[in-house]
Each structure stands twice: as C-alpha cells, then as structure tokens.
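Protein chains in written order, with UniProt numbering: chain P, 1 to 138; chain V, 1 to 138.
We treat Cβ as the ideally placed atom computed from N, Cα and C, and that holds for glycine.
Quick caveat: nothing in here was measured; it's all calculated off a predicted structure.
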DNA sequence: ATCCTACAATGGACATTGTCCAAGTCAAGT
DNA sequence: ACTTGACTTGGACAATGTCCATTGTAGGAT
C-alpha cells in the first residue's frame, strides 16, 4: 500500500491522521464493511476518531469514486474498496455475507432503448441472491 | 381490484380493515412506495391505523410473495406490488424515481459455476442507474 | 521555523427508519 | 352470541445516518 493514499494526495486531499486510518482500513480489508465496522476498526488504530468523521470520509471516498456503496439489504450500507475492477455481488440471504463475482454478460446491452424511458442510463448493479455453503450446511 | 384480496383470503388471512386498506393502497398504486408512504395513504382511508400494523402487514405480504421489497438506496425500503411479473428496476440517481424495466438477457445464466463459490443461487436483481428526463432537463 | 487560514475533526443533538412488546380488540368458527 | 386466538395499538427502543457550532490542524506563505 498504498496506491489509494497516493491517488488521494494527488487529488489535493488534505492528508489527516483520520483520513489515513479510514483509507487504510478499507485498503486492508477486501471484504465489504459497514460504516460502523469501519469505525470500529478505525478506532482500534486511532481511538479518538469520531463517528461523524468516518461517515464524512466514507462519503468523500464515494464521491471521488475510490469506494463503492453497496445497499444489498435494508440494513447498513456497505463500502466496497474494489471500485476499480467492475464486478457484481453474490449475497447470502441468511447471514448477509457478500462475495464479489464476475458474470460474463453485459446487462447494459440487455436494456433496449424502448425500455429506457428517456433516462440517461449510466450504470448497472447486479445482485445475485442465494445461500452460502456455511448456511446451507447448518 | 381485487385479486389480491381474494388470494389473501384464500390463504387463510384474517381480513381486517387495516389489512384491507394496506392491500388496497398497494394494489391501487403502481409505483414503488416506502413504508411511510404506504402508512400515509393508509391513514387517509383509516385514520387510526398504526405504524406498527403497516410494517407488520407489509412484512407479511412480502413473506407471502405478494409484494417485493426493493432496496435501491440507503434510504427506506420500497414495496413493489408487481410481484407476479419478473422485472428489474431503473432508478434516477437524482430524484429516486423508479421505473420497472424488462431487459432481454438472463443474468442468472451469465454466472458460471466457477463464480458461485458453492452458493445455491436462487435469484438475481438488476438495478440500472441513470438520470430521468425530468432531472436531466433541470 | 513560525504563522495563517481554510479545510477538517469533534461530539452530541437530532432525524429517519424500523422493531418489539404488553395490553386491548375483534374476525370468524361453533 | 360466545369464545378464542390472531390482530392491532401505541409507545419505547434500536440502528443507522445527518447536521452543526466549536475546536483543531495541514500545508502553503513568510
């Protein structure tokens, strides 16, 4: 690491201890954390970091396109640090675990003009639902 | 209306004024309402209905497969009464409007076994993101 | 090296959405 | 009409997220 910090600095981000810690948490974990989980891990490295700062920083990272928001269920948003390789998600309906997957087709091509209703379509998210091996065994 | 009420009665649902009102709200509107919007419309027809009952009833409708939950963003879940015709969603990134769409491909077929990680995959949701004509004009 | 200042962090109040529960109410079968 | 168990109620509570006035500080300017 960390290309991420490099890129951020290059974009004129003011580098603070808090932002570094949040970026490191995301960069290190290749899972999809909730804001609260990010906060918990950040606190472990920098005890006095506040919740608001974590939320702010996550929001900024999303705006910058460095991190993706994933809203697979009603519960908390999750943050996906793998923003630079397009991929989709496979979610366990029971335990909520998320895996990145790379399907073969291109769903954007599957939406004909007649189904676009004048929208300027800019992206697509595909969420597969199922039951993971662990939960199936239980 | 209302096949919905018929089906529910057929399944042994105890028919109460509250449930009828919630079902009517969903049946009448072919948009995707949040729980609070459903509650607001229900209150207009039956002022003393409580929020808890609306949540309960929506949850039951979802369990029965009569209504779909849609979690397109971090905000409230939306309820889609169009549960019997498979379709996907096109969401305006600015105003949050949702349109039902019917893409041509079958994304389930696009997920090879090697990308399933032992999951039993049971379904897929596709959410197209874009800007609607109204918001684009503004 | 020090100072300035705009930008960032803090933390606590507040907002929104959803869940839970004990008590009261009522639909529907007998 | 009675009875009963399912349904509703309302309010407390929980989880997640936002806002804002105040305080702190990174990084350029001197």
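* If residue 101 of chain V and residue 111 of chain P are in contact, beta carbons under 8 Å, what's the gap, nearest whole angstrom? -> Stepping through the second chain from its first residue, residue 101 of chain V is reached at position 101. Stepping through the first chain from its first residue, residue 111 of chain P is reached at position 111. That belief holds up - the Cβ atoms of residue 101 of chain V and residue 111 of chain P are roughly 6 Å apart, short of 8 Å.
* Verify the contact flag: residue 107 of chain V, CB atom, against every heavy atom of the ligand NAD, threshold strictly below 7 Å. => Of the ligands one can find in the structure shown there are none, so the ligand NAD has no counterpart to examine.
* To do: Please classify residue 69 of chain P: does DSSP put it in a helix, a strand, or coil?
  => Taking the first residue of the first chain as 1, we reach residue 69 of chain P at position 69. Three-state DSSP puts residue 69 of chain P in a strand.
* Chain-ordered chain V contacts of residue 90 of chain P [CB-CB under 9 Å] -> The count along the first chain starts at 1 and reaches residue 90 of chain P at position 90. Simply 111, 115, 116, 117, 119, 121.
* **Given 8 Å, three or more beta-carbon pairs between the stretch 21-39 of chain P and the stretch 72-84 of chain P** => yes
* Answer yes or no: does any C-beta atom of chain P fall closer than 8 Å to that of residue 127 of chain V? => Mapped onto the second chain, residue 127 of chain V falls at position 127. With 8 Å as the cut-off, residue 127 of chain V counts as an interface residue toward chain P.
* Asked: Mapping DSSP to helix, strand and coil, what is residue 22 of chain V?
  -> For the purposes of this step, residue 22 of chain V is taken as residue 22 along the second chain, with counting starting at 1. In the structure shown, residue 22 of chain V sits in a helix (DSSP, three-state: H, G or I).
* Using the beta-carbon of each residue, which ones in chain P are nearer than 7 Å to residue 130 of chain V? -> Within the second chain, residue 130 of chain V is the residue found at index 130, counting from 1. Within 7 Å Cβ-Cβ: 119, 120, 121, 122.
* Does residue 11 of chain V come within less than 8 Å of chain P when only Cβ atoms are used? -> For the purposes of this step, residue 11 of chain V is identified with residue 11 of the second chain, where counting begins at 1. No, residue 11 of chain V does not count as interfacial toward chain P.
* Answer with yes or no whether the minimum CB distance from residue 72 of chain V to chain P is below 8 Å. => Taking the first residue of the second chain as position 1, residue 72 of chain V is located at position 72. Yes - at least one Cβ of chain P is within 8 Å of the one on residue 72 of chain V.
* To do: Report the neighbours of residue 143 of chain P on chain V: residues whose CB is nearer than 7 Å to its CB, in chain order.
  => Examination of residue 143 of chain P is not possible in this model, given that chain P is present from 1 through 138 alone.
* Asked: Rounded to a whole number of angstroms, what is the C-alpha to C-alpha distance between residue 23 of chain V and residue 5 of chain V?
  -> As a working note, residue 23 of chain V is residue 23 in the second chain. As a working note, residue 5 of chain V is residue 5 in the second chain. Residue 23 of chain V and residue 5 of chain V: Cα-Cα distance of roughly 7 Å.
* How close, in whole Å, do the beta carbons of residue 58 of chain P and residue 43 of chain P come, if the pair is a contact with beta carbons under 8 Å? -> Position 58 of the first chain, counting from 1, holds the residue named residue 58 of chain P. Position 43 of the first chain, counting from 1, holds the residue named residue 43 of chain P. With a Cβ gap of about 14 Å, residue 58 of chain P and residue 43 of chain P do not count as contacting.
* **Expected contact under 8 Å - CB spacing of residue 7 of chain V and residue 66 of chain V to nearest Å** => Here residue 7 of chain V is taken as the residue at index 7 of the second chain, counted from 1. Here residue 66 of chain V is taken as the residue at index 66 of the second chain, counted from 1. 7 Å between Cβ atoms; contact.
* Asked: For residue 31 of chain V, which three-state DSSP category applies?
  -> Counting from one through the second chain, the residue named residue 31 of chain V turns up at place 31. Of the three classes helix, strand and coil, the one that applies to residue 31 of chain V here is coil, per DSSP.
* To do: With distances taken Cα to Cα, identify the nearest neighbour of residue 46 of chain P among P/21, P/69, P/16, P/55.
  => Here residue 46 of chain P refers to the residue found at position 46 when the first chain is read from its first residue. Nearest of P/21, P/69, P/16, P/55 to residue 46 of chain P, Cα basis: P/21.
* Cβ distance (whole Å) where residue 124 of chain V is taken to contact residue 127 of chain P below 8 Å -> What you label residue 124 of chain V is simply residue 124 of the second chain in a count that begins at 1. What you label residue 127 of chain P is simply residue 127 of the first chain in a count that begins at 1. Correct: roughly 7 Å between the Cβ atoms.
* Asked: With burial defined as no fewer than 16 other Cβ atoms inside 10 Å of the residue's Cβ, what is the status of residue 74 of chain V: buried or exposed?
  -> The residue labelled residue 74 of chain V in the question sits at position 74 within the second chain. Under this definition residue 74 of chain V is an exposed residue.
* Asked: Does the distance from the CB of residue 93 of chain P to the CB of residue 129 of chain P come in under 8 Å?
  -> By 1-based counting over the first chain, the position of residue 93 of chain P is 93. By 1-based counting over the first chain, the position of residue 129 of chain P is 129. A contact, by the Cβ cut-off of 8 Å.
* Which residue or residues does DSSP assign as beta-bridge partners of residue 100 of chain P? -> For the purposes of this step, residue 100 of chain P is identified with residue 100 of the first chain, where counting begins at 1. Paired residues: P/89.
* Compare the C-beta of residue 136 of chain P against all C-beta atoms of chain V and say whether one is closer than 8 Å. => The residue labelled residue 136 of chain P in the question sits at position 136 within the first chain. At least one chain V Cβ lies under 8 Å of residue 136 of chain P.
* On a CA-only basis, which of V/133, V/120, V/88, V/121 is nearest residue 120 of chain P? Give me that one, please. => Start at 1 with the first residue of the first chain, and residue 120 of chain P comes out as number 120. When each option's Cα is compared against that of residue 120 of chain P, the closest is V/133.
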